[in-house]
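Remarks on the structure that follows.
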Amino acid sequence: MADHIPLHPVPRSTQRRAAYYTSVPAAQRHNSRYQVEDESSYLDEMPLMMSEEGFENDESDYHTLPRARVSHRKRGLEWFICGGWKFLCASCCDWLINICRRKKELKARTVWLGCPEKCEEKYPRNAIKNQKYNFFTFIPGVLYEQFKFFLNLYFLVVSCSQFVPALKIGYLYTYWAPLNQRIPSDMVFLRTSEKTGSCFIRTDQLDGETDWKLKVAVSCTQRLPALGDLFSISAYVYAQKPQLDIHSFEGTFTREDSDPTVHESLSIENTLWASTVVASGTVIGVVIYTGKETRSVMNTSNPKNKVGLLDLELNQLTKALFLALVALSIVMVTLQGFVGPWYRNLFRFLLLFSYIIPISLRVNLDMGKAAYGWMIMKDDNIPGTVVRTSTIPEELGRLVYLLTDKTGTLTQNEMIFKRLHLGTVSYGTDTMDEIQNHIINSYSQMHSQSSGNSTSSTPSRKVQSSAPKVRKTVSSRIHEAVKAIALCHNVTPVYESHAGVNGETEYAEVDQNFSDENRTYQASSPDEVALVQWTESVGLTLVNRDLTSMQLKSPGGQILTYYILQVFPFTSESKRMGIIVRDESTGEITFYMKGADVAMSTIVQYNDWLEEECGNMAREGLRTLVVAKKSLTEEQYQDFESRYNQAKLSIHDRALKVAAVVESLEREMELLCLTGVEDQLQADVRPTLEMLRNAGIKIWMLTGDKLETATCIAKSSHLVSRTQDIHIFRPVISRGEAHLELNAFRRKHDCALVISGDSLEVCLKYYEHEFVELACQCPAVVCCRCSPTQKAHIVKLLQQHTGKRTCAIGDGGNDVSMIQAADCGIGIEGKEGKQASLAADFSITQFKHIGRLLMVHGRNSYKRSAALGQFVMHRGLIISTMQAVFSSVFYFASIPLYQGFLMVGYATIYTMFPVFSLVLDQDVKPEMALLYPELYKDLTKGRSLSFKTFLIWVLISIYQGGILMYGALLLFESEFVHVVAISFTALILTELLMVALTIRTWHWLMVVAEFFSLGCYVASLAFLNEYFGIGRVSFGAFLDVAFITTVTFLWKVSAITVVSCLPLYILKYLKRKFSPPSYSKLTS
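With our numbering, the residue at position 122 of the sequence shown is 151, and numbering never jumps.
Set out below in structure tokens:
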């Protein structure tokens, strides 16, 4: 295959770089020919053909080498100014933290029961601190979070300057203004009040799962006659060193005062982790991990502080304003001639013009964000939505990539049994009654045979084992399949007591009452519950289960008892679960197993239908499980049990040894059936995904499910449109295979990509940049068999390589890392619990709500904040322009134009309400935004807030500020003492009119705000006239109240206001007429 690929020699200058990517020894390279799959040396001479134009210039073509396009870092002063100082500060802080918080090496430990004096080491106190700051880091931490924004740092300096008398230009106030008991630590479960020796716990605060988990007490301590005997025995627990994995544990329990010494292996089912809640009975345990060594604390990561793109853009504009402030101050000092203490005058000018950067900008934006969150939660069209962050609502309007989970997010996580396939015959929902008839007939025949036959079960078992194999009837095959499904699981029936006050399970009633009315099923997987519910619907009902047995009820009401000998739980590594049971009536020992087809295909006996039917069911969107069994003799089981118990007592490599013993049984198992369970789509998933795709949002589905099911859901949900092709990335395990497959994928155009997690890892290891660039060109991407870590890694890759805003949405604990890594995280409250919802920035109840959340609230939040931010900056720029004109007239003197109270009133009561009412503005009605999602594409371009729009507002501010000040000086030359009142009045009127000019859709509160602010200003003219004189109050320059009621005052103020505003109204009209925005065409 490699012989057909054009090899392009690498020039001498690139061969040095190529050596960096080559890991094969030279001797092997000389002896090879074109072994592309195994050798990496020739891959450096095989460019990824990312374009069809050829490779005339190999030196400049970035595709020649996998990472040849990595940009060079800036060095020197430019690097330091452009962010290097942040990197250096962060590095120093990390170094200091590592010095102060050197981690203690984690070790395994032995814990004696009731003998603390035997403890050889000191362990952490059982105090869990989950706060973000402590006594020492609170002040520096908070200061850093606040002053990393230039705006806040600037105003800190300005505020502190007012304590220096020589620099004081105004008043100081213008600048300064824990049901059931929660388990307290990680413990080994020793004893319970429940008769069964087990109890249920809730783990929703640990892993986000709502299903109860069954925990088992150590049998040695559970059998003790009295509770006090725990302190009289000589016993200890050996526990492995603390680790992150909450789903595994290895340890041993040893009792030394018995003969012989008792050794009992401990696993995850014998543990009670901190932060879980006991759901039934009471428990007693021995503490093994405390404080920061508990699983819950070790799995807690410091959440990153998310900053919205709009805040970053405003931060850049603030820096530009600061440069303008410094330049203007230097110009004023220069025109002054550097006379006297010019450096002091320079700083005074910096303070006089400080309103160029208004402190109210941060206040208004934060209040606006809070208002947007309130509006989102009050929207009746998306009930139950919760805003858990007040910093990034504008991000909802800037998203380019949406990364979504599948199960429980796009689907309902409500499993419905749809298909049973026996190899030669298949049963669907419309033929389930046939299965029920077969089960009824089968068990009625068995009952009649057992009642008429007095032969013991042991001889019959010998006859059966030695009898030749005969072809089974359909009825017997159905009977075996249904019985296997009813037995092979971890489901426990729970009976709620009607007399119970707290709603707890009362097992005393279970022994006598198997009524269907008050029975529910508890399991860690909804798939298993669906299977057991299906067996109940066809006549075979699970009615009771404890640690040692389970009981089934036949269609005739007969109770069938099976003793549980061993249970092998499902793990993500094995992808299967098994159980060994003994039939009470016959004594037969049977090993049942079910699992994914990829795991079971090598375990079952040869067949010619399994692979094909698994593919067929997957194409229908069904989740498949293969069910098999194996009959064991007593000798076979005893041999297995001894080897299994010995492996479970191992301290080193226990998991590997246990798996090896279990795998010795998993050979030549009899294939019984293939089941298909459907996970139904969420309501309105298809139109929602269609809307998001039309809005220009690229959707990636990241799921742990298998490739076929993920592909089918992608089609059925319309994640991939019917007209698009799908490229299924072949499994790759080496660099050569990844190279060839990427070249094959490059030739495809406008097709969706489906790739597995393993292949993704290989591609990212060798061709990270090239793969991400190709994947980003796809209209949709499906990543199957993804781990939670991979999901978060994909989010970070998109952020780093594209610089676009990402959103992650999921419903389970395995989606938390992805949600927290994304720029905007959305959690769904689903059947997998609330962990994703609690960790997210926004919580919704249904996937379809994301459409309105983005199209309506995302649009409004971004547009409103952009308008609000720029208007607040305009408000500061216009008054700074007037101050500059005023200082120029007074021979560049550094004296303030307006008194401190007027400056406070200008930013608050006189203009605050009309300006803040912009948070009620909207350019497009919600119905229109949902009907035409294409309007969302304009938001991602960031045109509402850019340097272009910023410069427009700067020019407007300079024009209006100049007109207001020069107009006041020209028209009131004879009444110069009134220039403050005249210019300030015109300024307030201009601001109120500019708010009206900016508004696109009027709200009644906007009108109220306009008139209220105007009324407050008129009242202050009458009652606070001492603040409108030139200079300080002590100079004795007061405003004549009679003057402001004259016609001369009114028409001249009106003339100045009209000249400052009328041209802008004319320009706005002309722009709307000749260059209307896209949304105005729709609304008209």
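Note that the Cβ used here is the ideal one computed from N, Cα and C, for glycine as well.
A quick note: this is a predicted structure, and the numbers were derived from the prediction, not measured.
What's the gap between the Cα of A997 and the Cα of L926?
Mapped onto the sequence shown, residue 997 falls at position 968. Mapped onto the sequence shown, residue 926 falls at position 897. Going from the Cα of A997 to the Cα of L926 covers about 13 Å.
Provide the residue span of the alpha helix (DSSP H) that contains I823, from first to last.
For the purposes of this step, residue 823 is identified with residue 794 of the sequence shown, where counting begins at 1. Here the alpha helix (DSSP H) through I823 covers P817 to T831.
Is the Cβ-Cβ distance between E423 and S894 less than 7 Å?
The count along the sequence shown starts at 1 and reaches residue 423 at position 394. The count along the sequence shown starts at 1 and reaches residue 894 at position 865. Result yes, Cβ atoms of E423 and S894 sit closer than 7 Å.
Quick one: is K447 buried, meaning 16 or more other Cβ sit within 10 Å of its Cβ, or exposed?
Working through the sequence shown from its first residue, we reach residue 447 at position 418. That one is buried.
Just how far apart, CA to CA, sit A303 and Q272?
As a first step, residue 303 must be located in the sequence shown, where it is residue number 274. As a first step, residue 272 must be located in the sequence shown, where it is residue number 243. Straight-line Cα distance between these residues: approximately 14 Å.
Quick check: the Cα distance between R722 and G898, rounded to an integer number of angstroms?
Against the sequence shown, residue 722 aligns to sequence position 693. Against the sequence shown, residue 898 aligns to sequence position 869. Each residue's Cα considered, the two are about 30 Å apart.
Restricting to Cα atoms, I'd like to know which of K398, L219, G257 and D556 is closest to E443.
If you number the sequence shown from 1, residue 443 lands on position 414. Among K398, L219, G257 and D556, the Cα nearest to that of E443 is on D556.
DSSP state of I1085, grouped into three classes?
Residue numbering aside, residue 1085 sits at position 1056 when the sequence shown is read from its first letter. Three-state result, I1085: helix.
So, for E322: in the same chain, excluding its five sequence neighbours on each side, which residues have a beta-carbon less than 6 Å away from its beta-carbon?
Residue mapping note: residue 322 aligns to position 293 of the sequence shown, counting from 1. These residues qualify, in order along the chain: P153 and P271.
Do you know whose CA, among D258, T232, R220 and I838, lies nearest V247's CA?
As a working mapping, residue 247 is identified with position 218 in the sequence shown. The option with the nearest alpha carbon to V247 is R220.
Just how far apart, CA to CA, sit H799 and L793?
Counting from one through the sequence shown, the residue named residue 799 turns up at place 770. Counting from one through the sequence shown, the residue named residue 793 turns up at place 764. Correcting the residue type first, residue 799 is Glu in the shown sequence and not His. Approximately 9 Å between the Cα atoms of the pair.
In the DSSP output, what is M1124 paired with across the bridge?
Outside the shown range of the chain (30 to 1113) lies residue 1124, about which nothing can therefore be said.
In angstroms, rounded to a whole number, what distance separates the CA positions of I608 and F599?
Counting from 1 along the sequence shown, the entry for residue 608 is found at position 579. Counting from 1 along the sequence shown, the entry for residue 599 is found at position 570. Approximately 11 Å, taken between the alpha carbons.
On the DSSP letters alone, give me the boundaries of the beta strand (DSSP E) that I784 sits inside.
Your numbering for residue 784 matches position 755 in the sequence shown. I784 -> beta strand (DSSP E) spans C780 to S785.
How many angstroms separate the CA atom of Y666 from the CA atom of Y267?
The residue given as residue 666 occupies position 637 in the sequence shown. The residue given as residue 267 occupies position 238 in the sequence shown. Straight-line Cα distance between these residues: approximately 28 Å.
Here's the rule I'm using: 16 or more other beta-carbon atoms within 10 Å means buried, otherwise exposed. How should E692 be labelled?
To locate residue 692, count along the sequence shown from 1; it is residue 663. Answer is exposed; the Cβ neighbour count stays below 16.
Which whole-angstrom value describes the C-beta separation of H886 and Y401, a residue pair presumed to lie in contact below a C-beta threshold of 8 Å?
The residue labelled residue 886 in the question sits at position 857 within the sequence shown. The residue labelled residue 401 in the question sits at position 372 within the sequence shown. Their Cβ separation, rounded to whole angstroms, is 7 Å, which keeps H886 and Y401 in contact under 8 Å.
According to the neighbour-count rule (16 or more other Cβ atoms, all chains shown, within 10 Å of its Cβ), is G856 buried or exposed?
As a first step, residue 856 must be located in the sequence shown, where it is residue number 827. When all chains shown are included, G856 counts as buried.
Starting from the Cα of I386, find the closest Cα among L182, V687, T577 and S866 and give me that residue.
The residue you call residue 386 lines up with position 357 of the sequence shown. The shortest Cα separation from I386 among L182, V687, T577 and S866 belongs to L182.
Work out the CA separation of L701 and L516 for me, nearest whole Å.
As a position in the sequence shown, residue 516 is number 487, starting the count at 1. As a position in the sequence shown, residue 701 is number 672, starting the count at 1. For L516 and L701, the distance between alpha carbons rounds to 13 Å.
On a CA-only basis, which of T225, F278 and L235 is nearest R252? Give me that one, please.
Counted from its first residue, the sequence shown places residue 252 at position 223. Ranking the options by Cα distance to R252, first place goes to T225.
Using a 10 Å radius around the Cβ and a threshold of 16 neighbouring Cβ atoms, would you call L208 buried or exposed?
Taking the first residue of the sequence shown as 1, we reach residue 208 at position 179. At L208, the pLDDT of 34 sits below 50, so the modelled position is not reliable; the number obtained from the coordinates is stated separately. Flag for L208 reads exposed.
Judging by CA-CA distance, which residue of L1018, A1025 and L1034 is the nearest neighbour of L1043?
By one-based count along the sequence shown, residue 1043 stands at place 1014. When each option's Cα is compared against that of L1043, the closest is L1018.
Are the beta-carbon atoms belonging to K623 and L654 less than 7 Å from one another?
Within the sequence shown, the letter at position 594 stands for residue 623. Within the sequence shown, the letter at position 625 stands for residue 654. Yes. Within cutoff.
Can you tell me which of the three DSSP states I388 falls into?
Indexing the sequence shown from 1 puts residue 388 at position 359. Reduced to three states, the DSSP call for I388 is coil.
Let's test the definition: count the other Cβ atoms within 10 Å of the Cβ of W729 and tell me whether it reaches 16, buried, or not, exposed.
Locating residue 729 in the sequence shown gives position 700, counting from the first residue. So W729 counts as buried.
Taking the DSSP output, what are the residues bridged to P522?
Position 493 of the sequence shown holds residue 522. DSSP lists Y550 as partners of P522.
Indicate the three-state DSSP secondary structure (helix, strand or coil) for S294 in the structure shown.
For the purposes of this step, residue 294 is identified with residue 265 of the sequence shown, where counting begins at 1. Looking at S294 - three-state DSSP - the assignment turns out to be strand.
Using the Cβ count rule (16 or more neighbours within 10 Å means buried), how would you classify W371?
Indexing the sequence shown from 1 puts residue 371 at position 342. W371 is exposed by the Cβ-count criterion.
What would DSSP say about R611, mapped onto helix, strand or coil?
Within the sequence shown, numbered from 1, the residue matching residue 611 stands at position 582. Residue state, collapsed to three classes: strand.
Considering only their Cβ atoms, is the gap separating V561 from I468 smaller than 7 Å?
Locating residue 468 in the sequence shown gives position 439, counting from the first residue. Locating residue 561 in the sequence shown gives position 532, counting from the first residue. Cβ atoms of I468 and V561: not closer than 7 Å.
Please classify C144 as buried or exposed, where buried requires at least 16 neighbouring CB atoms within 10 angstroms.
In the sequence shown, the residue the question calls residue 144 occupies position 115. Exposed, by the Cβ-count rule.
Mapping the DSSP letters down to three states, classify W205 as helix, strand or coil.
Within the sequence shown, the letter at position 176 stands for residue 205. Summary for W205: the model assigns pLDDT 41, below 50, so the residue's position carries little reliability, and this model does not support an answer.
Which residue marks the beginning of the alpha helix (DSSP H) containing G856, and which one marks its end?
As a working note, residue 856 is residue 827 in the sequence shown. Taken as a continuous stretch (DSSP letters only), G856 belongs to no alpha helix (DSSP H), being part of the beta strand (DSSP E) at C853 to I857.
Determine, using beta carbons only, whether Y591 and V610 come nearer to each other than 7 Å.
In the sequence shown, counting from the first residue as 1, residue 591 sits at position 562. In the sequence shown, counting from the first residue as 1, residue 610 sits at position 581. Yes, Cβ-Cβ distance for Y591 and V610 is below 7 Å.
Can the beta-carbon of G705 be found closer than 7 Å to that of M629?
The count along the sequence shown starts at 1 and reaches residue 705 at position 676. The count along the sequence shown starts at 1 and reaches residue 629 at position 600. Taking 7 Å as the Cβ cut-off, G705 and M629 do not qualify as a contacting pair.
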